[in-house]
Amino acid sequence: MNRKAVAELAGSVALGAWAAFAVLALVVSGRHGTPTAPDRSLLAWSVGHRTPMTVALARGLTATGTGVIPYALVVLAGLFVGGTRRRRLTAALLGALCLATGQAVRYGVMELIGRARPPHQYWQTHASGWAFPSGHTTTSALTAGLVVVALCLRARDGRLPVVRCLVVAWAAGVGLSRVYLGVHWLTDVIGGWLFAVGWLGVWLCAAAWWLPTSLITGSGEPDPHP
Numbered sequence: 194m195n196r197k198a199v200a201e202l203a204g205s206v207a208l209g210a211w212a213a214f215a216v217l218a219l220v221v222s223g224r225h226g227t228p229t230a231p232d233r234s235l236l237a238w239s240v241g242h243r244t245p246m247t248v249a250l251a252r253g254l255t256a257t258g259t260g261v262i263p264y265a266l267v268v269l270a271g272l273f274v275g276g277t278r279r280r281r282l283t284a285a286l287l288g289a290l291c292l293a294t295g296q297a298v299r300y301g302v303m304e305l306i307g308r309a310r311p312p313h314q315y316w317q318t319h320a321s322g323w324a325f326p327s328g329h330t331t332t333s334a335l336t337a338g339l340v341v342v343a344l345c346l347r348a349r350d351g352r353l354p355v356v357r358c359l360v361v362a363w364a365a366g367v368g369l370s371r372v373y374l375g376v377h378w379l380t381d382v383i384g385g386w387l388f389a390v391g392w393l394g395v396w397l398c399a400a401a402w403w404l405p406t407s408l409i410t411g412s413g414e415p416d417p418h419p
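In this note's numbering, the protein residues as written are 194 to 419.
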């Protein structure tokens, strides 16, 4: 797939994700934070299916979705892309910048919407701030997306599918663990996933259009967008 096709696909995916996110945000705001029926149902199911072991496992998983771990994964993925030293460092820097700016914008959206979390008596882990969109979910989904992109650039022949699936499963697990532990509604998690897809799509579209070809492919091909 050439760069123009990648940019168009990424842009289309980003547009769709942002449209869906906007609709969901309007629903959440229009209900003044009141949970939907699926929100209440999944929280009730989670509360009714907790054991000390599953709660401990969920806490361990959810802890990997914030802090140093996501940044370490993104930087390592950037360095893994291969090619020249300049290409590896650029990939690591851009990945970390994409993640950091995504977190910052998500925080602004969260403050703007101001949705309350589920009642405190259901919490099984620490949480702070407003609920929508979920921070752990957004961060882990952005991290997974960046890692998958790095793996695709590294293995263009389709290798490493198991690793990609594991990375995506990890991000999905982090998001769902937030509901299981009672600190987010399901729509908070879906909002985090949509936000991450939209943000990553914008960055991929921009990278495909404006980054020099040598930084993407490691080749000496001329830049089609001088």
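Note that the Cβ used here is the ideal one computed from N, Cα and C, for glycine as well. These numbers were taken from a predicted model, which means no experiment stands behind them.
Enumerate in chain order the residues of its own chain whose CB-to-CB distance from residue i is below 8 angstroms, with the five nearest sequence positions on each side excluded.
i, result
"residue 341", "357, 360, 361"
"residue 240", "315, 375"
"residue 243", "317, 373"
Identify, in the order they occur along the chain, each residue of the same chain with its Cβ nearer than 6 angstroms to the Cβ of residue i, setting aside the five sequence neighbours on each side.
i, result
"residue 411", "Legend: pLDDT at residue 411 = 49, less than 50; position of this residue unreliable, no value from coordinates given."
"residue 203", "394, 397, 398"
"residue 307", "323"
"residue 231", "379"
"residue 285", "268, 271, 272"
"residue 401", "196, 199, 200"
"residue 251", "370, 373, 374"
"residue 422", "There is simply no residue 422 to check, as the chain begins at 194 and stops at 419 in what is shown."
"residue 258", "329, 332, 333, 367"
Quick one: residues in its chain with C-beta nearer than 7 angstroms to the C-beta of residue i, no 5 flanking neighbours on either side, listed in chain order?
i, result
"residue 211", "391"
"residue 214", "384, 387, 388, 391"
"residue 289", "264, 267, 268"
"residue 207", "391, 394, 395, 398"
"residue 304", "323"
"residue 217", "380, 383, 384, 387"
Of the choices the options, whose alpha-carbon is the least far from that of residue i?
i, options, result
"residue 222", "375, 355, 302, 321", "302"
"residue 236", "312, 339, 352", "312"
"residue 337", "367, 320, 372", "367"
"residue 292", "196, 261, 315, 318", "261"
"residue 371", "335, 310, 344, 244", "310"
"residue 369", "195, 256, 245, 196", "256"
"residue 249", "297, 373, 377", "373"
"residue 300", "317, 343, 321", "321"
"residue 335", "319, 346, 295, 347", "295"
"residue 317", "346, 253, 353", "253"
"residue 377", "274, 319, 205", "319"
"residue 274", "348, 297, 352", "348"
Inset, instruction - Scan the stretch 205-241 and note each continuous alpha helix (DSSP H) run of 4 residues or more that stays entirely inside, going in chain order. - result: Counting only runs of 4 or more, we get 230-241.
Inset, instruction - Please determine if the stretch 376-393 and the stretch 324-336 are in contact, where contact requires at least 3 C-beta pairs separated by less than 8 angstroms. - result: Under the three-pair Cβ rule at 8 angstroms, the stretch 376-393 counts as touching the stretch 324-336.
Legend entry - Any 3 or more C-beta pairs closer than 8 angstroms across the stretch 227-239 and the stretch 319-327: No, the stretch 227-239 is not in contact with the stretch 319-327.
Legend entry - Segments assigned alpha helix (DSSP H), at least 4 residues, entirely inside the stretch 254-279: Segments of the alpha helix (DSSP H) lying fully in the stretch 254-279: 261-273.
Legend entry - Length-filtered (3 minimum) beta strand (DSSP E) runs lying within the stretch 265-346: Segments of the beta strand (DSSP E) lying fully in the stretch 265-346: there are none.
Inset, instruction - List in chain order: all unbroken alpha helix (DSSP H) runs of 4+ residues lying wholly within the stretch 350-385. - result: You should have 354-373.
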